[in-house]
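Chains A and B, in that order, are what the protein sequence lines are.
In case it helps, the numbering used here puts the first sequence at residues 1 to 400.
In case it helps, the numbering used here puts the second sequence at residues 1 to 400.
Where is the CB? At the ideal position from N, CA and C, for every residue including glycine.
Just so you know, these numbers come straight off a predicted model, no measurement behind them.
Accompanying notes for the structure given below.
There are 2 protein chains.
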Amino acid sequence: MSTMAGRELFVSAPGKVILHGEHAVVHGKVALAAGLNLRTFLRLKPNKNNSTVLINLPNIGTKLNWNISDLQALVPSFQDSLHSEAVGPSSEQLDILKTLAGVSNGSRDTESLAVLAFLYLYLSICGQELPSLEIVVWSRLPTGAGLGSSAAYSVCLSAALLTASGKLAYPEQENIDTTRWTQTELTLINRWAFGGEKVIHGNPSGVDNAVATWGGALRYQAGQITPIERVPVLQILLTNTRVPRSTKALVAGVKDKLLKYPNILEPLLASINAISEECQRVLQVGVDGLSKDHYSVLEELIDINQHHLNVFGVGHPSLDRLCQVTASHGLHSKLTGAGGGGCAVTLLRPDIEAAVVDTVKHQLSECGYQCWETSIGAPGVSLHSSSSLPEDAITSLNGA
Amino acid sequence: MSTMAGRELFVSAPGKVILHGEHAVVHGKVALAAGLNLRTFLRLKPNKNNSTVLINLPNIGTKLNWNISDLQALVPSFQDSLHSEAVGPSSEQLDILKTLAGVSNGSRDTESLAVLAFLYLYLSICGQELPSLEIVVWSRLPTGAGLGSSAAYSVCLSAALLTASGKLAYPEQENIDTTRWTQTELTLINRWAFGGEKVIHGNPSGVDNAVATWGGALRYQAGQITPIERVPVLQILLTNTRVPRSTKALVAGVKDKLLKYPNILEPLLASINAISEECQRVLQVGVDGLSKDHYSVLEELIDINQHHLNVFGVGHPSLDRLCQVTASHGLHSKLTGAGGGGCAVTLLRPDIEAAVVDTVKHQLSECGYQCWETSIGAPGVSLHSSSSLPEDAITSLNGA
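Take a look at the structure:
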């Protein structure tokens, strides 16, 4: 182990998709979440001028800096955070941060929340002697699409700041492009990321930061998060219909329907629970290679759950259209997350021809949707050598 | 009461749709069946020549007659049927009928089965002294579409032959266009019609003839048929996609899926059961007039069940298309019967504009589908005055 004395570092963390169990999880059923290989990348560089800390978020055009001396005065208010039992900011800390960032109370825009989360993590983690840093965070994830972009951001910040401030060892990386932290270290990263998520979301479930930290897949039920050891990586299309939706209204709608038709819809929650269980079973059985039959089961589970979600009223014509387009090429899709628009996952079997995928992507983009060919079961937060970063990531981080 | 001495008589009986519970009923759940007002009409006329009996089925171009004297010789083999406990023909009786009609063993064409059922009912019901009759049966129902056309045929024949042979009283009909029989008489009609159904189907459930006899709606569960007293008449579109399907293969497919995913699909059977119960509840609550809210519930139940049936793999692209076309006009549809093509029911709210219905019918016929604007909850077997018959029925019966 070596420490991170003045070294530049590159970190990435995955997004998140709900494979199965969205909405049902609100009613105590199992949900499966998986790491989405649309990653968020962070570059941390010690600042030569030694007097400012800078955060740069090229996705949203944010570039802000503060004098270290100004921030140092606030440190006493944050120095207990590192050793406190409670996770996340106190309301007093939030007030201090809002004043510092010039964010008015109740402001919920992406930039304000991202800045508050950064300042919270920077002041709390780095404490005592604040380092002068330049941090750039760039993401392939769309924000506000239910893909865990804020969690990936918080996890990248936590991992980078904990490492830069010497609170985590710099993983051994000789001639290795990408390394990960130990389980104990990941637990610390996740704990701080959860704090960042609290700044951004108020009362997050903790699923998103857990997925961004550990990657792979995890079960979530009644507040309990259980990582699933080793899952196969699945190729998917991740499509954003770009139809905006209100998660709160959709969740309320499901609750109303359950109250109206308990005998008809309670069994459906049980069915969704069994879908999550069966999906987990197949992923674990097929961890060293999914058979064609395994893929057929995964496809059937997707189709069944998509019908169930429609029954609960969280479908949308844009999602119907997406399912039709992909079905016409033999592919199976379901909404992921809140529904009512938003995003969908389409499973890609390994034997599918590239031309078919291209056609589907083309047709989906003609519907006005944004479409990524990516994978799930992606690794969690990772430390990279600069040479191992994808070209667009390094360009975006350096050009920002 | 008067007897039917040498009088012409007109009888009609409705078809059948399954409102909810198809497939689930095979696994012990409740199904709701309803009388479909696409009716089968029968005219029975004493034959002046007094030496032949004639059956005329203009829908399938069948016109056959037999010498009464030839048939009289067979009567002893059938005379016990009227008083026997068992319902339906013995295999010896079937053999006699096949020889008489020149039908080879295993022949399952519509004409052969219709003729065998007629001869069975004629010989069994009229017994002793066979009357010389001319019978025409014409139907609006397509055959082989799961709409109970054979049951409507058997019920019309039973009612007409029982009345013509004096075994049922001719219902009082002074100045009344349409009359029905008493419950006891309907039970007798139904019993004979079930015998006719056995000739045609081998091992029918008895639901179709019960619906054609009693009309309205009935529950069917685990072999038990329970008529529902008084149900409102619902306007519907009944659409035949004309996609042929194998009921046996579809039923087997559902069973296979249940075996493959018991934990996921058993709850769905429970959900379908609850849909049938809720539908029955709404129909009974709304017997004297369904409110807008009642219609909304009926529409939701239709949508939910259509999703469930798709999950069980008994949907079909033709049905998806039908649902899309009707949904684009705010109408709700589900398959009825076996699925995999076949027929669908679309609920028409009373406040729907005629122009919308016309547009939907036009668009469905452009898909190559056959579409009827009709109703369910229709009355069961009825005796008509000739003047009260619809024009196309009287034309078809007289012109045949």
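Excluding the 5 residues flanking it on each side, residue 69 (chain B) has no same chain C-beta neighbour closer than 6 angstroms.
Among the residues facing chain A, residue 304 (chain B) is included, as its CB has a counterpart in that chain under 8 angstroms away. When the Cα atoms are used, residue 298 (chain B) and residue 214 (chain B) turn out to be separated by approximately 23 angstroms. Residue-level contact check: residue 188 (chain A) does not touch chain B, since none of the beta carbons of chain B fall below 8 angstroms from its beta carbon. The contact set of residue 307 (chain B) on chain A, defined by CB atoms closer than 7 angstroms, consists of 307, 310, 311 in chain order. Residues of chain A whose Cβ lies closer than 9 angstroms to the Cβ of residue 278 (chain B) are, in chain order, 261, 263, 264. Distances from the alpha-carbon of residue 170 (chain A) to those of A:397, A:390, A:385 put A:385 closest.
Going by DSSP, residue 66 (chain A) is part of no alpha helix (DSSP H) but of the beta strand (DSSP E) stretching over 62-67. In terms of beta-carbon proximity, residue 271 (chain A) lines the interface with chain B, with at least one pair separated by less than 8 angstroms.
For residue 117 (chain A), no beta strand (DSSP E) encloses it; the enclosing alpha helix (DSSP H) starts and ends at 110-126. The secondary-structure analysis by DSSP pairs residue 219 (chain A) across a beta bridge with A:32, A:226.
Interface flag for residue 274 (chain A) against chain B is set, since a Cβ pair is found closer than 8 angstroms. Here residue 14 (chain A) carries a strand assignment [DSSP, helix/strand/coil].
For residue 372 (chain A), the enclosing beta strand (DSSP E) covers residues 370-376. Interface residue (Cβ-Cβ distance to chain B less than 8 angstroms): residue 268 (chain A) is classified as such.
Annotation: residue 121 (chain A) to residue 303 (chain B) spans about 49 angstroms, alpha carbon to alpha carbon. A buried status is given to residue 275 (chain B), since no fewer than 16 other beta-carbon atoms sit within 10 Å of its beta-carbon. Excluding the 5 residues flanking it on each side, residue 134 (chain A) has same chain C-beta neighbours closer than 6 angstroms at 45, 47, 54, in chain order.
Counting along the chain, the unbroken beta strand (DSSP E) around residue 384 (chain A) starts and ends at 382-384.
A straight line joining the alpha-carbon of residue 29 (chain A) with that of residue 334 (chain A) spans about 18 angstroms.
Taking each of B:192, B:256, B:294 in turn and checking the Cα distance to residue 84 (chain B), the smallest one comes out for B:192. In the DSSP assignment, residue 235 (chain B) falls within the unbroken beta strand (DSSP E) covering 234-240. Residue 148 (chain A) and residue 99 (chain A) have their C-alpha atoms spaced approximately 27 angstroms apart. The residue among B:40, B:337, B:366, B:89 with its C-alpha nearest the C-alpha of residue 159 (chain B) is B:40. With a contact defined as Cβ atoms closer than 8 angstroms, residue 117 (chain A) and residue 196 (chain A) qualify at about 4 angstroms. In this structure, the CA atom of residue 71 (chain B) is about 27 angstroms from the CA atom of residue 399 (chain B). Cβ-Cβ distances below 8 angstroms link residue 325 (chain A) to 360, 363, 364, 367 in the same chain, with the five nearest sequence neighbours on each side left out; the list follows chain order. Contact annotation: residue 376 (chain A) and residue 37 (chain A) have beta-carbon atoms nearer than 8 angstroms. Beta-carbon to beta-carbon, residue 379 (chain A) and residue 35 (chain A) are separated by about 7 angstroms, close enough to satisfy the 8 angstroms threshold. In the structure shown, the three-state DSSP call for residue 357 (chain B) is helix. For the stretch 266-344 of chain A, the continuous beta strand (DSSP E) assignments of 3+ residues that do not extend past its boundaries occur at 332-336, in sequence order.
Going by beta carbons, residue 239 (chain A) and residue 346 (chain A) fall inside the 8 angstroms limit. Pairing residue 289 (chain B) with residue 309 (chain B) gives a Cβ-Cβ distance that is not under 8 angstroms. Contact between the stretch 220-234 of chain B and the stretch 242-260 of chain B is absent: fewer than 3 CB-CB pairs across the two stretches fall below 8 angstroms. When DSSP reads this structure, residue 136 (chain A) sits in a beta bridge with A:43, A:56. Beta-bridge annotation (DSSP): residue 379 (chain A) is paired with A:215.
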